[in-house]
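And the structure:
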């Protein structure tokens with residue numbers, strides 16, 4: 060697993076733990092983990108951005124910063140910034 064994929068996987072797992080009481084969010088975030096496990100880090104980054112965008116749940120600043128780092132490593136920054144995820148950031 061490449062480092063950027065490991066970051067996306069880690070963020071998805073942290074979100075799953077934080078949002079464990081919301082199965083409608085846990086399911087798609089689990090799919091993100093599966094994508095990374097199948098060496099599809101770019102697709103996983105796209106997917107986590109879409110899950111956040113359409114579900115509109117708060118994203119911790121630390122989660123966003125990690126996703127941003129992964130997007131930069133993949134040279135895939137537009138995938139994250141085009142979703143408007145930064146508007147959902149909360150401290151943490």
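Residue numbers (the working numbering): 60 to 151.
Backbone N, C-alpha and C define an ideal beta-carbon position, used for all residues, glycine too.
First through last residue of the alpha helix (DSSP H) which encompasses residue i
i: residue 123; result: 120 to 132
i: residue 76; result: 62 to 77
i: residue 101; result: 100 to 114
i: residue 85; result: 82 to 96
Residue i versus residue j: straight-line alpha-carbon distance, rounded
i: residue 134; j: residue 82; result: 31 Å
i: residue 103; j: residue 145; result: 18 Å
i: residue 88; j: residue 124; result: 18 Å
Presumed contact (8 Å Cβ cut-off) between residue i and residue j, rounded CB distance
i: residue 122; j: residue 85; result: No, residue 122 and residue 85 are not in contact; Cβ-Cβ is about 15 Å, not under 8 Å.
Proximity of residue i and residue j at Cβ, strictly below 8 Å
i: residue 98; j: residue 64; result: yes
i: residue 92; j: residue 117; result: no
i: residue 115; j: residue 66; result: no
i: residue 139; j: residue 108; result: yes
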